[in-house]
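These notes are about the structure you will find just below.
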Amino acid sequence: METREKIIIIGGGFAGLQLAKTLNNKNKKVIVLDRVNHHMFQPLFYQVACGRIEPSNISFPFRKIFQQSRNTQFRLTEVKEIIPSQNKVITDGAEFSYDKLIIATGCKTNFFGNKEMESRAFGMKNTQEAISIRNHVLMTFERLILEKSRSDDGDWNIVIVGSGPTGVELAGAFSEMKKEILPRDYPYMNFDNLKIILVSSTEKPLAVMSEEAQTQSEKYLKDLGVDFLSGEYVTDYDGDRVHMKSGKQIASNNVIWAAGVTGNIIDGFEQEKIIRNRYITDRFNKIKGFDNIYAIGDIAYMETPKYPQGHPQVANVAINQAKNLGKNLLKKNQSEWTEYEYDDKGSLATIGKHRAVVDLPFIKFQGFLAWYFWMFLHLMLILSVRNKLAVFFNWMWSYFNKDSSLRLIILSNKKNGTLQ
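Counting from 349, one number per residue, gives the positions in the sequence shown under the working numbering.
Take a look at the structure:
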């Protein structure tokens, strides 16, 4: 009887989950390792941060996903080290051997080595960080309503650093929250004092998109009352003030960092196999110098004629690299394997109700039609029918009532570390 090949997948993001699904119920033994027990739909984290949807609506337990699987297992553990010479993965609770290893650890927020910024500003790369932003912003207003004066100017400035899709979508959502929701929740507060400030190192937002999308998104931001600071580089944040290279300072107690990502590298590899915090791979996603270790998604650096500087770190690349590798792993001979090439399907972003920009290979459009397209696409990408319905219901409720009932403040119990 043929022994099934044992494949370890580290990470259950877009790439890791797609690979596991491609290999599901095939003649392979698959083990998925992750430090959280659920897959997260990251493109909608900003809506969790703004209290528009619940985290559970965009989170999917791995054990539920693979409940009916005959060959795929999940282990909740954090990987500490890989020992390639022994084909071993060392975690905080166990050791795992493998025949083939796939690293799909994705990215984390890149603070560019600034430890002060990292300790004081909020990133938004996981569920906990999105909930922390919601808690912190709402607690600011709960505290302010108890005070008789405006107190600190920093309480009235929400600063978002980075004008990519995450930063732009956050700015739009907070601006709508300022206009439609907060005045009803806190009727005796003057929210004219509240400023949403988007700091960008580029001249226009969404620099990776078309010129039409950049121009229109800047107009949308201004229409919503967002203060867009272009060509500014944030150098530090001391907890009270955001410092910029130009010398400008902004008082703020609510700073969200959306200015870049960096790979989650695991110990065990020589530096020569890593570039820009990504593993160097060939066109089959095989890490340089290894025959049985692969990297897919944001953590993989693959040079191709179309992308000589590596592929963009977006979900579409991660999903399709995983599909391609999965199909290759199911073939008997490596001579039959297919090289990966990214087919760019386009990009899109939303900047509030009826405001979105869409760049497709064959057409570019903006406005309410782009907004409906954005909603439909994201709804279809959410995994389960139950979660699709939950998100759709919340969106429709918010659409017609300009409100939501999901602004829960969930803080930790300092005595025992539990949530209350």
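Glycine included, C-beta positions come from ideal geometry on N, C-alpha and C. It should be emphasised that the depicted structure is a prediction, and the values quoted were computed from it without experimental measurement.
Check                                                                                                                                                                   : Outcome
Compute the Euclidean distance between the alpha carbons of A326 and I357, then round it to the nearest angstrom.                                                       : Within the shown structure, residues of the chain are numbered from 349 to 768, placing residue 326 beyond reach of any answer.
Taking only runs of the beta strand (DSSP E) that begin and end inside the region 382 to 429, which ones reach a length of at least 3 residues, in chain order?         : 386 to 388, 407 to 409 and 420 to 424
What does a CB cutoff of less than 6 Å around N405 pick up in its chain, not counting 5 residues either side in sequence?                                               : N735, A738 and V739
Report the residue ranges of all alpha helix (DSSP H) runs contained in full by the region 419 to 495; include only those spanning at least 4 residues, in chain order. : 463 to 468 and 475 to 492
What number of angstroms, rounded off, separates the C-alpha of S519 from the C-alpha of F393?                                                                          : Here the sequence assigns Ala to residue 519, which means Ser is not the residue at that position. Using only the alpha carbons, I get a separation of about 13 Å.
At the level of alpha carbons, what is the spacing between L537 and I493?                                                                                               : This sequence places Met at residue 537; Leu is not what is there. Looking at the two C-alpha atoms, the distance is approximately 7 Å.
Do I379 and Q416 have their beta-carbon atoms positioned less than 9 Å apart in this structure?                                                                         : no
Whole angstroms is fine: what's the gap from M557's alpha carbon to A697's?                                                                                             : 10 Å
Tell me, which residues are paired with S695 by DSSP?                                                                                                                   : D707
Determine the DSSP secondary structure at Q714, reduced to helix, strand or coil.                                                                                       : strand
Taking 9 Å as the CB-CB cut-off, is L554 touching chain D?                                                                                                              : Included in the structure is just one protein chain, with no chain D present.
Who does K376 pair with in a DSSP beta bridge?                                                                                                                          : E353
Which residue marks the beginning of the alpha helix (DSSP H) containing N505, and which one marks its end?                                                             : Looking at the DSSP string, N505 is not in any alpha helix (DSSP H); the run it does join, the beta strand (DSSP E), is N505 to V509.
Quick one: give me the first and last residue of the alpha helix (DSSP H) that D571 is part of.                                                                         : E559 to D571
On a CA-only basis, which of S407, Y585, G658 and K377 is nearest G502? Give me that one, please.                                                                       : Y585
In the DSSP output, what is F576 paired with across the bridge?                                                                                                         : L546
Determine whether the beta carbon atoms of P391 and A561 lie at a separation below 9 Å.                                                                                 : no
State the CB to CB distance for the pair L546 and L577, rounded to an integer number of angstroms; the pair is presumed to be in contact (CB under 8 Å).                : 7 Å
Considering T583, what are the terminal residues of the beta strand (DSSP E) in which it resides?                                                                       : V582 to Y585
Helix, strand or coil for S752 per DSSP?                                                                                                                                : coil
Alpha carbon to alpha carbon, what distance is there between E651 and I529?                                                                                             : 47 Å
Residues bridged to Q346 by DSSP?                                                                                                                                       : The structure shown does not extend to residue 346, since the chain spans only 349 to 768, so no value can be given for it.
Which of the three DSSP states is assigned to W605 in this structure?                                                                                                   : strand
Candidates L367, T351 and G359: which alpha carbon is nearest N672's?                                                                                                   : L367
Kindly indicate which residue of T550, R624, Q657 and R703 has the alpha-carbon position closest to the one of G579.                                                    : T550
Pair every Cβ in the region 588 to 598 with every Cβ in the region 718 to 732, then say whether three or more of these pairs are closer than 8 Å.                       : no
Near M487, what residues of its chain come up, given a Cβ to Cβ distance below 8 Å and the 5 sequence neighbours on each side ignored?                                  : I757 and L759
What is the DSSP secondary structure of I613, reduced to helix, strand or coil?                                                                                         : coil
With respect to the beta strand (DSSP E) encompassing T629, which residues constitute its N-terminal and C-terminal limits?                                             : R626 to T629
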